[in-house]
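Novice: Below is a structure I'd like to ask you about.
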Amino acid sequence: MSVLEAESEALLGAIRRLLAAKGVLNEGEIAQQRQSTDRAEPGQGARMVARAWTDPDYRALMLSDGAKAAEAMNIPMRGMPPLGVLENNDQAHHLVVCTLCSCYPKAVLGYPPYWYKSSAYRARAVRDPRGLLLEFGTSLPEGLTIRVVDSSADFRWMVLPRRPSGTDGWSAERLAALVRPGDMLGVTLPNA
Amino acid sequence: MSFRAGEEVVVKNDWPETRGPAHIRTPHYVRGRRGRVVRRLGAFPNPEDLAFARPAAPRDLYHVSFAMRELWPEGGGDEVVVELYEHWLERP
Numbered sequence: 002m003s004v005l006e007a008e009s010e011a012l013l014g015a016i017r018r019l020l021a022a023k024g025v026l027n028e029g030e031i032a033q034q035r036q037s038t039d040r041a042e043p044g045q046g047a048r049m050v051a052r053a054w055t056d057p058d059y060r061a062l063m064l065s066d067g068a069k070a071a072e073a074m075n076i077p078m079r080g081m082p083p084l085g086v087l088e089n090n091d092q093a094h095h096l097v098v099c100t101l102c103s104c105y106p107k108a109v110l111g112y113p114p115y116w117y118k119s120s121a122y123r124a125r126a127v128r129d130p131r132g133l134l135l136e137f138g139t140s141l142p143e144g145l146t147i148r149v150v151d152s153s154a155d156f157r158w159m160v161l162p163r164r165p166s167g168t169d170g171w172s173a174e175r176l177a178a179l180v181r182p183g184d185m186l187g188v189t190l191p192n193a
Numbered sequence: 318m319s320f321r322a323g324e325e326v327v328v329k330n331d332w333p334e335t336r337g338p339a340h341i342r343t344p345h346y347v348r349g350r351r352g353r354v355v356r357r358l359g360a361f362p363n364p365e366d367l368a369f370a371r372p373a374a375p376r377d378l379y380h381v382s383f384a385m386r387e388l389w390p391e392g393g394g395d396e397v398v399v400e401l402y403e404h405w406l407e408r409p
């Protein structure tokens, strides 16, 4: 076997042929799923956040059903776990972690940053979130409760950050360009 | 057992992984701890069976909030919110 024919490729090919033969999944569906996986990146979540900042009805939809809100922005959610959206306000700041493994809202944020799966982030997020946030350069206003959300089971979670001041009259496109992946996990705050 | 939003609950202090192969979505740090139900998130096939390809009955999943001071000796008033299945929750 040459290096161009990996055993895993042969195995994958055999599984795909079996799935097709048994009518579980056809090649078209696999291609479609690959396409939507490739399209998943933080810009998608940022578009949702920017629309929630400018459209109160969309904000309400996003907070009640994140997956429906994603679909309303043409983000494919087929086969994806439910998406919950955590609203930051003047009472609470949310921080997302998965202490058990690496659950991440991939459909709307793409692949996680390298530190998201690290033992250090996972352990410290639930024990010393304020110290952790300071290392990300984030200091929160006094009196804000931190709510750390541990993605331990069947939901995936993203944060809807507060709209930064100095952005009055900005278009949704301009606002979306501000929003970074860390803002949608709660490790950083969007800044105009 | 079903729970209402705002209700106080205690997570079972159970360690099935010490009795044999297990797949558990209840983090160690909340077992035996007291929290409050935020809301019911829905019902999902029990991952503890799903992981072993056994028939997996749907179980209610709840968002449960814990004060940091309930979890850690140095903890303060911040909170940790965890997704927990009904069969891990008890009334205090």
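So the protein sequences, as listed, match chains P and D. Using this note's numbering, the first residue of the first sequence is number 2, and each one after it goes up by one. Using this note's numbering, the first residue of the second sequence is number 318, and each one after it goes up by one. All C-beta atoms in this analysis are idealised placements derived from N, C-alpha and C, irrespective of residue type, glycine included. All values derive from a computational prediction rather than experimental measurement.
1. Ignore the nearest five residues each way along the sequence and tell me which others in R163(P)'s own chain have a CB closer than 6 Å to its CB.
2. Taking the beta strand (DSSP E) that M159(P) belongs to, which residues open and close that run?
3. Counting contacts by CB-CB distance shorter than 8 Å, is P43(P) in contact with chain D?
4. By alpha-carbon positions, which one of E42(P), C102(P), L62(P), Y59(P) ends up nearest to H340(D)?
5. Under 8 Å between C-beta atoms, does L135(P) make it to chain D?
6. Against chain P, does D395(D) count as a neighbour if the rule is that its beta carbon must be under 8 Å from one of theirs?
7. Would the stretch 43-52 of chain P and the stretch 168-186 of chain P be scored as touching if the rule is three or more Cβ pairs under 8 Å?
8. Leaving out five residues before and five after P57(P) in sequence, what residues of the same chain have Cβ atoms less than 6 Å from its Cβ?
9. Find out if the Cβ-Cβ distance for the pair A126(P), L133(P) is shorter than 8 Å.
10. Anyone know if the C-beta pair for F361(D) and R371(D) falls short of 8 Å?
11. Alpha carbon to alpha carbon, how far is N363(D) from A374(D)? Give it in angstroms, no decimals.
12. Whose C-beta lies closer than 8 Å to the C-beta of W116(P) among residues of the same chain, with five residues either side of it excluded?
13. Among G138(P), S140(P), R131(P), C99(P), which residue has its Cα nearest to the Cα of S120(P)?
14. Rounding to the nearest angstrom, what Cα-Cα distance links H419(D) and D169(P) in this structure?
Specialist: Let me lay it out:
1. Exclusion of the five residues before and after R163(P) leaves N89 as the residues of its chain whose Cβ lies within less than 6 Å of its Cβ.
2. 157-161
3. no
4. C102(P)
5. no
6. yes
7. yes
8. none
9. yes
10. no
11. Between the alpha carbons of A374(D) and N363(D) lies a distance of about 6 Å.
12. Annotation for W116(P): Y122 place their beta carbon closer than 8 Å to its own, counting only its chain and skipping 5 residues before and after.
13. C99(P)
14. In the structure displayed, chain D extends from 318 to 409; residue 419(D) sits before or after that span and is not available.
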